[in-house]
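Take 118 as the starting number for the sequence shown in the working numbering and just add one per residue.
Beneath this line is the structure, given in structure tokens, with notes to follow.
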Amino acid sequence: MTPHLRDQVVVITGASSGIGRATALRFGKTGAKIVLAARNVVGLQEVADEIRLLGSDALVVPTDVAEWAQVEHLAHSAMAAFGRIDTWVNDAGVGVYATAEETSVEETHQVMQTNFMGMVHGVKAALPYMEKQHSGTIINVGSVESQMALPFNSAYAASKHAIKGYTEALRMELDNAQSGINVTLIMPAAMNTPFFNHALSKLGVLPRPAGPVYQPESVAEAIVYAAEHPQRDVYVGGGGKLFGMMERISPALTDKVMTAGGTMFRAQESERPDNGETTLFGTIPETGRVSGDFDHLVQANTRVSRTLFPAVVVGALVGLFFVRR
């Protein structure tokens, strides 16, 4: 049986900013004991202080999820401090905005090592303890790009596709073994997080989220809910789910819709100059925050998404009905 949130020990990677930080703070309101992991030590300390003010316990364990030994140490630290691990959230992620040709082998490797292997490391570190408990929840943060890729996102989309495949296989294996361990895949649409300030960009400008934009707290709510109420796959943001439907119905036509007139290429280019800072290979001198710089887009989508966006997608779906692969 899944413990109540107030009785849980929760490990969160990528906890210093964005979705991970929002998730940590949301768990902090439940009384759970929270283990915070990321490379940004200053950001982690800030989150820990906020969680303690909310009345929950927090443990900071600086961790680069790309390194197996560090993730193994993270799990050991959680067990040493609290004696169990109930929920493990794999959220750490990095990105590169460039064409596949312009993305170097080293950059692609780093994205896969952090996003995909970081998730694998988390699963491998948590499983032995959860299996002994005969209970636990593993929550992997994928993306709408676990279902369909966007241009300029070859490495990132590949890592998120890999997360989905691994998660599905893991879930079936644990279910077959009657392990008592739940596995959830969270697939957010475009979120207003600092990710777009942190990703390596070769666009000549900083990137921006494409499509309807949502606040990271919505993902945090989905993760916290899944920690207590087992879920399989969870989309966050209606736009992502609708585009996923389009991809499943007719992948070829979806490609044409996405790239028509270069719209999806331009949609990812902001007007902000690129400052050259990136967290791809290390931290940057920023403490960490939940939200990014796109509040104005979120507000616009709140008004428009109920009318314009569904109409556009419904029109595309009608076209897909008549023009299959």
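Ideal placement from N, C-alpha and C gives every residue a C-beta, glycine not left out.
DSSP three-state label for residue i, please.
{"i": "ALA209", "result": "coil"}
{"i": "VAL445", "result": "For the chain, the structure presents residues 118 to 442; residue 445 sits outside this window and is missing."}
{"i": "VAL178", "result": "coil"}
{"i": "LYS319", "result": "coil"}
{"i": "ARG292", "result": "One point to set straight first is that residue 292 is Asp, not Arg, in the sequence displayed. Helix at ASP292."}
{"i": "VAL158", "result": "helix"}
{"i": "VAL353", "result": "strand"}
{"i": "GLY393", "result": "coil"}
{"i": "LEU171", "result": "coil"}
{"i": "ARG138", "result": "helix"}
{"i": "ARG143", "result": "helix"}
{"i": "HIS413", "result": "helix"}
{"i": "PHE398", "result": "coil"}
{"i": "MET196", "result": "helix"}
{"i": "LEU282", "result": "Looking at the sequence provided, one finds Gly at residue 282 rather than Leu. Helix at GLY282."}
{"i": "GLU184", "result": "coil"}
{"i": "GLN264", "result": "coil"}
{"i": "GLU223", "result": "helix"}
{"i": "GLN250", "result": "helix"}
{"i": "LEU287", "result": "helix"}
{"i": "VAL240", "result": "helix"}
{"i": "MET362", "result": "helix"}
{"i": "HIS346", "result": "coil"}
{"i": "THR231", "result": "helix"}
{"i": "PRO368", "result": "helix"}
{"i": "PRO245", "result": "helix"}
{"i": "ALA339", "result": "helix"}
{"i": "GLU189", "result": "helix"}
{"i": "SER133", "result": "coil"}
{"i": "SER276", "result": "helix"}
Identify every residue that forms a DSSP beta bridge with residue i.
{"i": "VAL127", "result": "ILE151, THR204"}
{"i": "ALA215", "result": "ASN270"}
{"i": "MET308", "result": "TYR331"}
{"i": "ASN257", "result": "ASN207, LEU302"}
Alpha carbon to alpha carbon, what distance is there between residue j and residue i?
{"i": "THR301", "j": "THR147", "result": "20 Å"}
{"i": "LEU122", "j": "ARG288", "result": "22 Å"}
{"i": "VAL127", "j": "THR140", "result": "10 Å"}
{"i": "GLY321", "j": "ASP391", "result": "6 Å"}
{"i": "HIS251", "j": "ALA266", "result": "36 Å"}
{"i": "ASN157", "j": "GLN295", "result": "37 Å"}
{"i": "MET247", "j": "HIS413", "result": "42 Å"}
{"i": "GLU224", "j": "SER318", "result": "11 Å"}
{"i": "ALA369", "j": "PRO120", "result": "45 Å"}
{"i": "LEU113", "j": "ARG389", "result": "Lying outside 118 to 442, the shown extent of the chain, residue 113 is not represented and no answer is given."}
{"i": "GLN230", "j": "THR395", "result": "16 Å"}
{"i": "ALA306", "j": "PRO326", "result": "9 Å"}
{"i": "LEU153", "j": "HIS193", "result": "13 Å"}
{"i": "MET118", "j": "ALA344", "result": "12 Å"}
{"i": "SER408", "j": "PRO329", "result": "15 Å"}
{"i": "ALA79", "j": "ARG365", "result": "An answer regarding residue 79 cannot be provided, because it is not within the stretch 118 to 442 covered by the chain."}
{"i": "ASN293", "j": "GLY145", "result": "33 Å"}
{"i": "ALA274", "j": "GLU219", "result": "15 Å"}
{"i": "ASN309", "j": "GLY160", "result": "18 Å"}
{"i": "ILE401", "j": "ILE303", "result": "27 Å"}
{"i": "LYS281", "j": "SER263", "result": "6 Å"}
{"i": "VAL341", "j": "ALA132", "result": "14 Å"}
{"i": "PHE233", "j": "ALA279", "result": "7 Å"}
Quiz item: Does the count of Cβ pairs from the region 230-241 and the region 213-221 closer than 8 Å reach three?
Solution: no
Exercise. Decide if the region 242-259 is in contact with the region 338-350; the criterion is three or more beta carbon pairs, one per stretch, under 8 Å apart.
Key: yes
Quiz item: So does the region 191-209 actually touch the region 312-331, counting three or more Cβ pairs closer than 8 Å?
Solution: no
Quiz item: Would you call the region 161-172 and the region 188-198 in contact, with 3 or more CB pairs under 8 Å?
Solution: no
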